[in-house]
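Residue numbers (the UniProt record's numbering), protein chains in the order written: chain A, 1 to 187; chain B, 1 to 187; chain C, 1 to 187; chain D, 1 to 187; chain E, 1 to 187; chain F, 1 to 187.
Glycine included, every Cβ here is placed at the ideal spot set by N, Cα and C.
Accompanying notes for the structure given below.
6 protein chains.
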Amino acid sequence: MHACVRTALRLNGFPCKRPENVTADDFFSAALAFPGNTGNPVGSMVTAANVEKLPGLNTLGVSMSRVDYAPWGVNPPHTHPRATEIIYVLEGSLDVGFVTTAGKLFARTVCKGELFVFPRGLVHYQKNNGGAPAMAISAFNSQLPGTQSLAVAMFGASPPVPTDVLARALQIDGGLVEAIKSKFPPK
Amino acid sequence: MHACVRTALRLNGFPCKRPENVTADDFFSAALAFPGNTGNPVGSMVTAANVEKLPGLNTLGVSMSRVDYAPWGVNPPHTHPRATEIIYVLEGSLDVGFVTTAGKLFARTVCKGELFVFPRGLVHYQKNNGGAPAMAISAFNSQLPGTQSLAVAMFGASPPVPTDVLARALQIDGGLVEAIKSKFPPK
Amino acid sequence: MHACVRTALRLNGFPCKRPENVTADDFFSAALAFPGNTGNPVGSMVTAANVEKLPGLNTLGVSMSRVDYAPWGVNPPHTHPRATEIIYVLEGSLDVGFVTTAGKLFARTVCKGELFVFPRGLVHYQKNNGGAPAMAISAFNSQLPGTQSLAVAMFGASPPVPTDVLARALQIDGGLVEAIKSKFPPK
Amino acid sequence: MHACVRTALRLNGFPCKRPENVTADDFFSAALAFPGNTGNPVGSMVTAANVEKLPGLNTLGVSMSRVDYAPWGVNPPHTHPRATEIIYVLEGSLDVGFVTTAGKLFARTVCKGELFVFPRGLVHYQKNNGGAPAMAISAFNSQLPGTQSLAVAMFGASPPVPTDVLARALQIDGGLVEAIKSKFPPK
Amino acid sequence: MHACVRTALRLNGFPCKRPENVTADDFFSAALAFPGNTGNPVGSMVTAANVEKLPGLNTLGVSMSRVDYAPWGVNPPHTHPRATEIIYVLEGSLDVGFVTTAGKLFARTVCKGELFVFPRGLVHYQKNNGGAPAMAISAFNSQLPGTQSLAVAMFGASPPVPTDVLARALQIDGGLVEAIKSKFPPK
Amino acid sequence: MHACVRTALRLNGFPCKRPENVTADDFFSAALAFPGNTGNPVGSMVTAANVEKLPGLNTLGVSMSRVDYAPWGVNPPHTHPRATEIIYVLEGSLDVGFVTTAGKLFARTVCKGELFVFPRGLVHYQKNNGGAPAMAISAFNSQLPGTQSLAVAMFGASPPVPTDVLARALQIDGGLVEAIKSKFPPK
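Put into structure tokens, the structure is as follows:
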């Protein structure tokens, strides 16, 4: 079989279990069966089922995530450096959008049962536009798409991005940059 | 923007809408919001949201489908020549499996909220293992994964695969091959 | 040199021999010089020269096979999950065909010196249409294309594909499915 | 020749000039010979030589840019959705960095003649750390890597990203978001 | 069907026939059934079955060639810019070799029924090591691998490569370069 | 982070440093800061910054080189088996060219600040067309493009390419082939 089930040793991608040790469970995950905890400042939580969680995905170029949203919760602007995303709404309705490299926003409301595409590497977000919890499933054409939050990349990196670089980029003063940084303590 | 929204002219892939004519709706689909009609001999229906239905997927390498299952309904053994599939169960529970090129079956039950992976190009199936309707969403790492039913490829092709080839392959007599072919009238 | 000659350790693909240990023999094979034994129920035998047999193919994305056919022998319907195939007839003439995802059969007779293409992942077959042995060489755009026989995938998997799934798929009764399964004892 | 020189018609990628019309000039550009105008709020200017400017790059998967920096000028945090970048410093010295998907900053000073790598899709920046103009050449493994400024994507998109989404993402109040947006008038 | 059968219009790759116009003959070729004319200075002739000759290969990433050799004939040193090659000997025996980027020659004799691999882009050659005609089939993992003869590239290009460049490269005098060029009249 | 920084063990590509051991220096190189020694028969020297020198390039698909030229120095005809090249002239001016698989030369003069493209795998060269030293930077869309000098591949391989093969290829006599070989002692 081509599927190459990872073990612990680090490589480009991951090495393989011996075929005789591969089982159906290597291709199964219950990780997306349970709601994530949305009790956080943005009011959303992403739970991933990628190759780090699901060994059977190794070499197969696809993965999934579940996103839970508190009422009015936001999955803040972010990118996936290595994948296009399709989001399918399971509960509630979302205001979603992505920004092109030309600075154009493509946005609309996506209701239960509907889907929307976020092209590879572009900044995008979702917002629960209702007072009840919402939930969606996302699929990616990478076994490890990666996620980069713009807020964290700019204001929460460790070590921090220099304040003068951000002040110049956002055309705000350094004190304000520091104030925003204080909301994103480095992990 | 890199996303290249198709028009009607046929090419490798599809040509592009002019960027100024692209809208958010090119990245949106409601095609998977409604149950497919499972009133057919196998008791299942697949509804696809691929680049043929969703122009914004052009060049982006990902697509989705919805599968509806009647009670005890079966999505019969088939392959996707150009993609790996992840299936996520939304209602009910499914008995799923795929067969490796070594002839090994990897199978298990997948319940609501759980997912399973079918590696690229391998024969796989799902069966609703309950008396109520079931439903699942599948994602693919291709904008047009293609689907080939084994039963149709062998017994329902147009023109038909020669009876003696199938008789030899299945080690059954030609009359029986003809009898099975009669269940699959060429479209 | 870029060619990365495999050793025994399993990885995604295969690790490399040290360059100083690579020899011309790593790029050579005599495996296709001798006829395969066609004394079997289908009357054909495939002999492969892929990366498992020919270490120098590692990372190079190509491989070859030889197919021998007894008089009227059949290479039964199968797929290659990871490659397109070109077949070139060396002895005799073959009736060949493949089925598209739209259920259309493309078939014709291919004589000595002629070739035919089987697109990636699609079900295809060959039949020796004469009373003398036939032989062909196939090339693949993968170092390990994989082969999945439809008959084995459906009726000879281990553990077996559930009988009711096959009965539903083929619209035949379970007893008949069991009868066909009995012809394909799991390896 | 494989190189497929584009004409004006839009497609996935670009169609080809007829081979007899291709000239050496299709593979040549002087676009990076002259300094860009750094008289702007960030104090830097990027000049691109991609497939839109250099037809011969079509299908070849590589492109280049020139970056000019005013004294203390900044090329603000941005991503390239479709490429890795190598930057080579020609004049002056730069403080550069990128942020990983784990929120880790990799940063250092890069002087004349030295180079640094920004992995595909990750947020990165450069700052001229001196009082004289600086200049660098960047190479990309894409014929059209695309560039997305984080500041523009968040605060200058057209139509704008909703203020409440940004306020929630950055954990600042909406008035402040509006104030920053006012610095980035939609194009 | 995924196979995209080319028409005459030039594009990246080739546009598609409408599916209803595709026939089995689009996947068939008799071009390799007949010996090439080896009555030329090198004593060999290559006959190609690539996407330019075999429309069905479009998008499928594989092609084949036939090589005929006069007694002691040579297929002179050349490269394929876009493919790895596997050669399978049908008649006679060949002395074959390729040179690595480290300047190492991997060479050996390949007899009827045996095969040898030439890694992508590396300089290689074959020589009929017997007094009878020889013949081989080559497969490539590209629908249009391209072939570049070293002798033609250096001495037969149109317009010609400057004599002083070749004299410096080969460390011979310009008169000798001119003498060799005279053997390769530009086409 | 996706970037997979190599260690010493040989694999396809290279294994990874543990993420906690990766530093900014893994993405930095000063290797191209200093002129190469052009005191050699061709009057040029290439200095590479590829994955063998710059571990952070592992899996990222890009690399750079610096080329120094003595007055009238030549970078002799060669190919890169695995990459397209863009060359950017930093000092002096160069006469550059590449030969297509159709034997057509595309050549012109490229001055300081200008760039030129050499499509993947095609034979190309550069010559310093002035009496002062020249210098250029080249970028490649491969982490390890490889370089094959035509003169070395033909006349300096170890073991040597058979003299009769070269004599036949170049249509010169064997004594002359031997004379040229004597200029390229095997390493």
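Nearest neighbour of residue i, chosen from the options [CA to CA]
i	options	result
residue 126 of chain E	E:51, E:69, E:40 and E:54	E:69
residue 36 of chain D	F:105, F:107, F:119 and F:113	F:113
residue 120 of chain D	D:153, D:183 and D:147	D:147
residue 184 of chain E	E:58, E:33, E:42 and E:21	E:42
residue 50 of chain A	A:87, A:22, A:65 and A:110	A:65
residue 165 of chain C	C:158, C:159 and C:154	C:154
residue 73 of chain B	B:32, B:182, B:40 and B:138	B:40
residue 100 of chain D	A:156, A:20, A:38 and A:15	A:156
residue 162 of chain C	B:167, B:160, B:108 and B:133	B:108
residue 53 of chain C	C:29, C:19, C:160 and C:75	C:29
8 Å contact criterion, which residue i and residue j should meet: CB distance rounded
i	j	result
residue 27 of chain F	residue 116 of chain D	6 Å
residue 189 of chain B	residue 63 of chain B	Residue 189 of chain B falls outside the range modelled here, since chain B spans only 1 to 187, and no answer is possible.
residue 110 of chain C	residue 79 of chain C	19 Å between Cβ atoms; not a contact.
residue 67 of chain F	residue 46 of chain F	5 Å
residue 77 of chain F	residue 169 of chain E	6 Å
residue 24 of chain E	residue 34 of chain C	Not a contact, Cβ separation roughly 32 Å.
residue 84 of chain A	residue 32 of chain B	Incorrect: roughly 17 Å between the Cβ atoms, too far for contact.
residue 128 of chain A	residue 175 of chain A	At roughly 33 Å, the Cβ-Cβ gap does not stay under 8 Å, so residue 128 of chain A and residue 175 of chain A are not in contact.
residue 137 of chain A	residue 90 of chain A	6 Å
residue 103 of chain B	residue 182 of chain C	Contact doesn't hold; Cβ gap of about 16 Å is too wide.
Coil, strand or helix - residue i by DSSP
i	result
residue 68 of chain A	strand
residue 181 of chain C	helix
residue 146 of chain C	coil
residue 128 of chain F	strand
residue 48 of chain F	strand
residue 61 of chain C	coil
residue 176 of chain B	helix
residue 21 of chain F	helix
residue 163 of chain B	helix
residue 188 of chain A	Since the first residue shown for chain A is 1 and the last is 187, residue 188 of chain A is missing from the structure and cannot be characterised.
residue 56 of chain B	helix
residue 193 of chain D	Lying before the first or after the last residue shown, residue 193 of chain D is absent from chain D, which here runs from 1 to 187.
residue 113 of chain E	coil
residue 186 of chain F	coil
residue 156 of chain C	coil
residue 90 of chain D	strand
residue 169 of chain E	helix
residue 102 of chain C	coil
Contact list for residue i against chain B, beta-carbon separation under 7 Å
i	result
residue 172 of chain C	180
Per-residue contacts from residue i into chain F (C-beta, under 8 Å)
i	result
residue 88 of chain D	32, 64 and 137
Under 8 Å from the C-beta of residue i: neighbouring residues of chain D
i	result
residue 77 of chain A	153, 154, 161, 165, 166 and 169
Residue i: contacting residues in chain A (beta-carbon distance under 7 Å)
i	result
residue 84 of chain B	60, 61 and 62
residue 146 of chain D	101
residue 133 of chain D	The contacting residues do not exist; residue 133 of chain D stays about 16 Å from chain A at best.
Interface residues of chain D facing residue i [CB-CB closer than 7 Å]
i	result
residue 24 of chain F	106, 107 and 108
residue 44 of chain F	The premise fails here: residue 44 of chain F is roughly 18 Å from chain D at the closest Cβ pair, so nothing lies under 7 Å.
Interface partners of residue i on chain C, CB under 7 Å
i	result
residue 41 of chain B	171
residue 141 of chain E	61, 62 and 141
residue 71 of chain B	By Cβ distance, chain C contributes nothing, its closest Cβ being about 13 Å from residue 71 of chain B, past 7 Å.
Contact set between residue i and chain C, taken where Cβ atoms lie within less than 9 Å
i	result
residue 37 of chain E	Going along chain C, no residue has its Cβ under 9 Å from residue 37 of chain E, so there is no contact; the nearest lies around 16 Å.
Where residue i meets chain I, residues with beta-carbon distance less than 8 Å
i	result
residue 157 of chain D	Among the protein chains of the structure shown, namely A, B, C, D, E and F, there is no chain I.
Contacts of residue i in chain B (Cβ-Cβ under 9 Å)
i	result
residue 93 of chain A	Under the 9 Å cutoff, chain B gives no residues; its nearest Cβ is about 12 Å from residue 93 of chain A.
Where residue i meets chain C, residues with beta-carbon distance less than 8 Å
i	result
residue 183 of chain B	170, 171 and 172
Within chain E, the residues that residue i reaches when beta carbons sit closer than 7 Å
i	result
residue 74 of chain F	165, 168 and 169
Worksheet entry | Residues within the stretch 114 to 131 of chain F neighbouring chain E, beta-carbon criterion of under 7 Å | 120, 121, 122, 123, 125 and 127
Discussion item. Which residues of the stretch 48 to 65 of chain E have a Cβ closer than 8 Å to any Cβ of chain C? Give them in chain order.
Written reply: 49, 54, 56, 57, 60, 61, 62, 63 and 64
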